[in-house]
Structure formats: structure tokens, C-alpha cells
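Under the UniProt record's numbering, the letters of the sequence shown match residues 1 to 284, in that order.
Beta carbons: idealized from backbone N, C-alpha and C, even for Gly.
Step one of this worksheet: look at the structure below.
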Amino acid sequence: MMYLLLSILSSTAIFVLFKSFDKYGVNTLHAIVVNYLTAAVCGFVFSKSEIEFSTLTSSTWFIPSLMLGFLFITMFYVMALTAQKNGLSVASVASKMSVIIPIIFGITVFKESIGLAKSIGIFLALVAVYLTSTASKKKTKNKRSILVLPFLVFFGSGVVDTSINYFAPDDNIPIFSATIFAMAALLGILLVAFKTATQNKRIDVNVFPFGIALGVVNYGSIFFLLNALRMDGVETSSIFTINNVAIVALSTLCGLFIFKEIISLKNWLGIGMALVSIIIVSLN
């Protein structure tokens, strides 16, 4: 279970770093690009097999990994904005509630069973995302648009989690992860270059330590989770349940004690409902 523990800690660290960007005035997009460059390097460095470009491009997972790279950088940016605008616990819950989407994928594509309990769990999940996304009236005044962010995180993260687990090769997880991160980094570099040229903005050097730290834990979150999902004798639903519930709980504690976030009664209700719905859907 060491892989699972490391996945939980890595994923929680991502949310904490996102929140730190806002606190220390770090340019989110620039830090995300540095993050993906770092994560790609980690994947290639930790790969135990030789890297041949022809073999890489002919792999069945190469094209999906490029598409995932686009989704990664898009969702990472939205997730960062959610942590900054809505709070750490909101971003965490919205992201981890997306476990519902891989389950729906299994029902529709793999014809897995669905019963009353699972249906109730899915409904509770959607309600929980709304409750945890609702801040106080003072905070949401003239900022109703930020309520859209948690829902984007919810659906986007679900698609990413489903695709990663579906396309990842059992024998070459580091290279698969590195290819995704490299594609995301390339897209990010092009975007930053365009903004720099059109808006005359320079890259602040303070993004590098934050971006590198984010890249290390980001790579770890994917690498450890994929390895945890491939452990013998452990069901995927159990891994997703423990992983997502633990990240939600730990991220909420970090928001409370590190960043002094204020959690309303409605938010607490949503967080509790989120945990219950994840358990109901995953275990049924």
C-alpha cells in the first residue's frame, strides 16, 4: 500500500502548492509550464527501458498520450484557479469527486452493473460538488462565474482519470507519463511564448522553485496511482475510494490549518456528502 500512500501525499501537495501560488504572487501559467518540463524529465530519468523515438511513436498509447497532454495543461490551469478563487477544499473535492465519471464509463462501455445504491451515490456526488463550491454571500458577490470552475474541474478530471487508467501500458508507466507531460509542456511553452510576444511579459524567476516542486509531486501523483491500480489482489474501486477520500480529507485539513480557510456549514455538509457518495459508488 506504499504506492497508494505516496499517491495521496503527492496529490495533496499539488493543491497546497496551487494555493501557495496565489499567496506568493507566482504566475500560475509559467509555473505550470516549468512543472510539466520537470515532470517529463522525471519520467524519462526514472524509465528503466531504452527510449527509441520510432518505438515510442508506434506505440498504441502514443496518440492518446498526446491528447492527454492537452487535457493535462488545460485542467491543471483550471484546477489552480479553483484553488485560488474557491478555496483549497473546494478544488480538492471537485477534483476527487470526478471518480464518478470513470464509474459511469465502466457502466456504459464495459456494461458493469448499476443498482439503487450506485445511482444514489452518483446523485449525492453532483449535489456535493455544488455545496462545496458555494462560498459565503460576501465572497461570491459579483463573482458568480467562479462557481463554474469546480464543475470544470469535476468533469475534466474525470475524463483525465478514466483515460489514464484505460491507455496506460502496464510495462512502461514512466515513459507513458513522461510523454503526456512533455506534450503538456510543449503546449505551455507555445502559449507562454505567444503571451510574451503579444503582451511583453517576462518570465519571473520565482516561478522556477515552485514549478519544479510542483513537477516532482505531479509526476509522483500519476506514477504512484498507476502503480497502486496495478497491485495484485486489490480492486480498482477500492484504490480509487481510499485515494480520493484521503486526498479530500487531507486537503481540507491543510486548508484549515495552513491557509486558515473558513469552511461554512454548507461546505462541511458538501464535503461530508462527497465522502459518503464516493464510498457508496465505489464499493457498490
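Cβ neighbours of residue i in the same chain (closer than 6 Å, five flanking residues each side left out)
i	result
Y3	F224, N227 and A228
P174	G43, F46 and S47
Other residues of its chain near residue i: CB distance less than 7 Å, five sequence neighbours each side excluded
i	result
A185	V33, Y36, L37 and A40
V207	V26, N27, H30, A31 and V34
L126	none
M273	L124, V127, A128 and L131
Distance CB(residue i)-CB(residue j) smaller than 8 Å
i	j	result
I222	I279	no
L131	L269	yes
T74	L250	no
V129	M79	no
V93	V276	no
G43	F181	yes
M183	G69	yes
C254	V90	no
V281	G121	yes
F167	F21	no
I14	N200	no
S49	N243	no
Contacting residues, own chain, Cβ-Cβ under 8 Å from residue i (five flanking each side not counted)
i	result
V245	K96, L275, I278 and I279
P102	G158, D161, T162, N165 and F240
K138	Per-residue confidence for K138 stands at a pLDDT of 46, beneath the threshold of 50, marking its modelled position as unreliable; the derived number appears in the next sentence. Around K138: no qualifying Cβ.
I203	N27, H30, V192 and T196
Outcome for residue i when other beta-carbon atoms lying within 10 angstroms are tallied against a minimum of 16
i	result
T179	buried
K19	buried
N142	With a pLDDT of only 43 at N142, under 50, the local geometry of the prediction cannot be trusted, and the value read off the model is given with reservation. Looking at its Cβ environment, which holds fewer than 16 other Cβ atoms inside 10 Å, N142 is exposed.
Original post:
Which ranges would you report for the alpha helix (DSSP H) in the stretch 17-94 if only whole runs of at least 4 residues count?
Top reply: With a minimum length of 4 residues, the continuous alpha helix (DSSP H) runs that stay inside the stretch 17-94 are 28-46, 53-58 and 62-85.
Please list the segments of the alpha helix (DSSP H) lying wholly inside the stretch 144-177, counting only runs of 4 or more residues, in order along the chain. Listed in chain order, they are 148-167.
Discussion item. Runs of 3 residues minimum, wholly inside the stretch 202-230: which ones carry the beta strand (DSSP E) assignment?
Written reply: Within the stretch 202-230, no run of beta strand (DSSP E) at least 3 residues long lies entirely inside it.
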